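Numbering (our numbering), first residue to last: -4 to 136.
Just so it is clear, CB atoms sit at the ideal spot from N, CA and C, and this is done for glycine as well.
These numbers were taken from a predicted model, which means no experiment stands behind them.
Accompanying notes for the structure given below.
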C-alpha cells in the first residue's frame, strides 16, 4: 500500500530538504609538525566519519613528543567523536593541549562537557611563532 508520497518506480526520489552551500562539509584533519609544537588542524564536520583520521592524528602528534595545538577555526560541526578526540589528546599528551580559534559551536561543547577544563583555550589567534618544519627527504619530520 502506498501513502501517496512514495515515488513510483519511474519517479526519482526527491530530497526532503534543500542542502545549502557549505552545509555538510566533510571533515578533515591535518597534522603539521613545527619547531616548538605540533599543530592539528581540524575543519568541516568533526564526527564519527573522521574517527580513524583523528586516531591517526593523535598517534602522530604523540610520537613527535612536542606540545600539541589544535586549530579548530574551520570546524562547522562536532559530535561526541570530536569531544572524545580532544579528551584523549589532553589525557595522553605530555604537555597541556592548546585549543586555538574555537568557534561558538565547539566552545559550547567544551563548556557543557567540561572538557574545556582539560585544555588551554586560546581566545584570539595566536600565530606567534609557529614555524612548520620541512620533512626530511625520505622520511617524516
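Item, Value
"Considering only the alpha carbon of each residue, which of 61, 62 and 37 lies closest to residue 50?", "37"
"With DSSP as the reference, identify every bridge partner of residue 68, one or two as the case may be.", "Answer is none; residue 68 lacks a bridge partner."
"Rounded to whole angstroms, what's the CA-CA distance from residue 29 to residue 126? Just pull it up for me.", "5 Å"
"Kindly list the residues whose CB is nearer than 7 Å to the CB of residue 17, restricted to its own chain and excluding five residues on each side of it in sequence; keep chain order.", "Note that residue 17 scores 48 on pLDDT, short of 50, meaning its location in the model is unreliable and no value can be drawn from it."
"Determine the direct distance from the alpha carbon of residue 74 to that of residue 52, and round the result to whole angstroms.", "17 Å"
"So within the stretch 27 to 88, which uninterrupted beta strand (DSSP E) runs reach at least 3 residues, ignoring any that extend past its ends?", "33 to 41 and 63 to 73"
"If distances are taken between C-alpha atoms only, which option among 95, 90 and 61 comes closest to residue 67?", "95"
"Please classify residue 95: does DSSP put it in a helix, a strand, or coil?", "strand"
"Thinking just about the alpha-carbon of each residue, which of 102, 118 and 63 is nearest to the one in residue 83?", "63"
"Could you compute how far the alpha carbon of residue 118 sits from the alpha carbon of residue 92?", "14 Å"
"Which residue's Cα is closest to the Cα of residue 98: 41, 27 and 71?", "71"
"In angstroms, rounded to a whole number, what distance separates the CA positions of residue 89 and residue 44?", "27 Å"
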